[in-house]
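Take a look at the structure set out below.
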Amino acid sequence: MASIAPENEIGSLTLAPTSLTLNSYSQMVDKIPIGGAFINSLIVASSITIGVLVFGSMIGYALSKLVFKGRNLIFYIIIFTMTLPFQITLIPQYIIMVKFGWIDTYWALIVPYLINALSIIMFRQYFKSIPDSLIDAARLDGCNELQIIFRILWPNSMPAIVTIGIITFMASWNEVLWPLIVIRDESLMTMPQLVTLFAVGGRADSQLGVKLASAVMLALPIVIAYLFFQKYFIQSMASTGIKE
Amino acid sequence: MINRKKILPYLLVSPYVIHFILFVAFPVGFSIVLTFHKWNIISPMEFTGLNNYIRLFNDKTFLKSMGNTIIFLLIHIPLQIIFALFLAEILNQNIKLRGVFRGAFFLPVIVSGVVVTILWQQLYGYDTGLLNRLLIMIGLDKVGWLTDPNIAMASIAVMATWKNVGLYIVLFLVGLQTVPTQYYEAADLEGATHTQKFFKITLPMINPTIFMVMILSTIGGFSLFIEPYIMTGGGPLNSTVSAVLYIYKQGFFYYHMGYAATLGLFFAFIILAVIMIQKKFIEKDH
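First to last, the sequence lines map onto chains B and R.
Residues 224 to 467, numbered by my numbering, are exactly what the first sequence covers, in order.
Residues 11 to 296, numbered by my numbering, are exactly what the second sequence covers, in order.
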């Protein structure tokens, strides 16, 4: 439905002398390892999204449905970390990656992002609205806690999972500062990083068409997902804004 | 069995605790230690006392980056609020194709800043940029959108406004829908004009949303990185060096880890301070 207007927006901006022909795309493939970067981005963004959903729901479950000493302390720590500006941890986190020997590995791109404070809070909030009786019944049927989380709570928390999944995937797909810091090997670069270095590095030179083609490639997966799930994208982003 | 039940919650939250220690607590502590040292990662750390802090206040580029961020925020925040609120007001009037417009405005929000920046480069280019070609067409002089030090930061602020406006339209739409319609009906009976209704009813009622836009924009301003990195590299004459771009340059270009950490710590404090001031300001207004 909304495809016409966004296309027009992009179209009016790219009314540059070079038109986007397939020629630009084949040149781009020759010049930069865009296919490999696409795979890297896909691996990184998918791993992070799965990690955030699994860990977020486990921690959110413990914080909302289990009683244990230190629960409030952990909750307040999570709230506190959400207000902590990332500028303060940027340099030391890089040093940790160096000391771990994780520079130029997927580990550096994935592990620091596997746990996300906002997603824990959102899961905790959502699980609170699920009645305890459902969990008690599952326990009587012999479910262990992990089964309760993934077999009972997950199917009943689809709105939360979709919201957190979309925000996390989108944020990881678009992340560019961290990859620029921890990845120098071109074969491991993510898409936004590769396109950025191509755009500033002079390799695009006067070849505007190739530069724009690489930008289109970077935007395409998210735009396609957006066309199908527009409602969820807008709701998800709005809900994070409201919660902050 | 009882024992297992006691341990279980801790097992479930243990990934968070490990992550917190490794990627939050230790980095924050270590960054404070770093601010008293000179270190390029390779050679041993050298204790330099308050040198990094002294340097900070005498560093022209740092002061410039602060000034640039303030310029960015002074342009970006009002522009963002006015445009988003204006468009939200229009979209709130049950117009045709409302969903289409909302969807279109939201597109730049979800697309990478890299893409938006590359597209806007084509607008702002000096010789072949779309804006300057339009100016020439109507008989005006070319403008150095990204090459004039007095304009470059403003150009980036306008682009950032365009990128985010869709999100804030949605937030304002949510805010507008919370205003009870009785208020408007009562105002109509009193014969209030549209402008009066907007300033006397709408604006006070959506104050919390305005505050949120201010905070999110402030955080955004201090996080500005990829836009100047691609468009200007911080130039001309450092007029677009942002907080994060300067940390990045000191840390990963010159490998001044101690000084970069000092910058990071300082900017983090400023962000929190600015948000607190905004909060006080808004609460007083109420």
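Beta carbons: idealized from backbone N, C-alpha and C, even for Gly.
{"Query": "First through last residue of the alpha helix (DSSP H) which encompasses B/P500", "Result": "Residue 500 of chain B falls outside the range modelled here, since chain B spans only 224 to 467, and no answer is possible."}
{"Query": "Three-state secondary structure (DSSP) of R/H266", "Result": "coil"}
{"Query": "Beta-carbon spacing of B/I257, B/M393 below 8 Å", "Result": "no"}
{"Query": "Three-way DSSP call (helix, strand, coil) for R/K290 in this model", "Result": "helix"}
{"Query": "Endpoints, the alpha helix (DSSP H) within which B/G259 is located", "Result": "I257 to K288"}
{"Query": "Opening and closing residue of the alpha helix (DSSP H) in which R/N68 lies", "Result": "N61 to N68"}
{"Query": "R/F82 and R/M163 closer than 8 Å at C-beta", "Result": "yes"}
{"Query": "Residue range of the alpha helix (DSSP H) that includes B/R374", "Result": "Premise fails: B/R374 is in no alpha helix (DSSP H) and is neither H nor E."}
{"Query": "Short CB-CB distance (under 8 Å) between B/Y449 and chain R", "Result": "yes"}
{"Query": "Alpha helix (DSSP H) segment containing B/D355, residue limits", "Result": "D355 to L363"}
{"Query": "Beta-bridge pairing of R/K48 - partner residues as DSSP gives them", "Result": "R/E56"}
{"Query": "Alpha carbon of B/L450 to alpha carbon of R/G261, nearest angstrom", "Result": "39 Å"}
{"Query": "Inside the region 160 to 198 of chain R only - alpha helix (DSSP H) runs reaching at least 4 residues", "Result": "162 to 187"}
{"Query": "CB contact check: R/L73 to chain B, cutoff 8 Å", "Result": "no"}
{"Query": "Alpha carbon of B/V423 to alpha carbon of R/Y239, nearest angstrom", "Result": "8 Å"}
{"Query": "Spatial distance of B/S190 from B/L435 (CA atoms)", "Result": "Chain B is shown only over 224 to 467; residue 190 of chain B falls outside these bounds and no answer can be derived."}
{"Query": "Inter-stretch contact at 8 Å, needing at least 3 Cβ pairs: the region 257 to 266 of chain B / the region 396 to 414 of chain B", "Result": "yes"}
{"Query": "Residue-chain proximity (B/A422, chain R), Cβ-Cβ < 8 Å", "Result": "yes"}
{"Query": "Cut-off 8 Å between Cβ atoms - residues of its own chain near B/L417, not counting five sequence neighbours on either side", "Result": "I255, P256, I257, A260, E409 and S437"}
{"Query": "Below-8 Å beta-carbon distance, B/T312 vs any chain R residue", "Result": "yes"}
{"Query": "Classification of B/F456 by the beta-carbon crowding that lies within 10 angstroms, buried from 16 upward", "Result": "buried"}
{"Query": "Alpha helix (DSSP H) segment containing B/Q348, residue limits", "Result": "A340 to K351"}
{"Query": "Inter-stretch contact (C-beta, 8 Å, three-pair minimum) for the region 93 to 100 of chain R and the region 260 to 279 of chain R", "Result": "no"}
{"Query": "Member of R/H29, R/L18, R/V34 and R/N68 whose CA lies at the smallest distance from the CA of R/Y269", "Result": "R/N68"}
{"Query": "Exposed unless 16 or more other CB atoms sit within 10 angstroms - verdict on B/P229", "Result": "Unreliable placement is indicated for B/P229, whose pLDDT of 38 sits below 50; no coordinate value is reported for it."}
{"Query": "Cβ-based contacts, 8 Å cut-off: residues of the region 23 to 36 of chain R near chain B", "Result": "V23, P25, Y26, V27, H29, F30, L32, F33, V34 and F36"}
{"Query": "First through last residue of the alpha helix (DSSP H) which encompasses R/A35", "Result": "First-last for R/A35: undefined, no H or E at that position."}
{"Query": "Proximity of B/T391 and B/I271 at Cβ, strictly below 8 Å", "Result": "yes"}
{"Query": "Distance, B/Q430 Cα to R/Y194 Cα", "Result": "56 Å"}
{"Query": "Residue-level contact to chain B via CB, R/F277, 8 Å cutoff", "Result": "yes"}
{"Query": "Sequence-distant residues of the same chain with beta carbon closer than 7 Å to R/Y134, five excluded per side", "Result": "L141, W155, L156 and S165"}
{"Query": "Neighbouring residues, chain R, relative to B/T328 (Cβ below 8 Å)", "Result": "Chain R residues near B/T328: none, gap ~16 Å exceeds 8 Å."}
{"Query": "Proximity test, Cβ basis, 8 Å: R/A202 and chain B", "Result": "no"}
{"Query": "Buried or exposed (CB count within 10 angstroms, at least 16 for buried), R/Q132", "Result": "buried"}
{"Query": "Three or more C-beta pairs below 8 Å linking the region 172 to 186 of chain R and the region 119 to 130 of chain R", "Result": "yes"}
{"Query": "Beta-carbon separation (whole angstroms), B/I314 vs R/S41, contact threshold 8 Å", "Result": "6 Å"}
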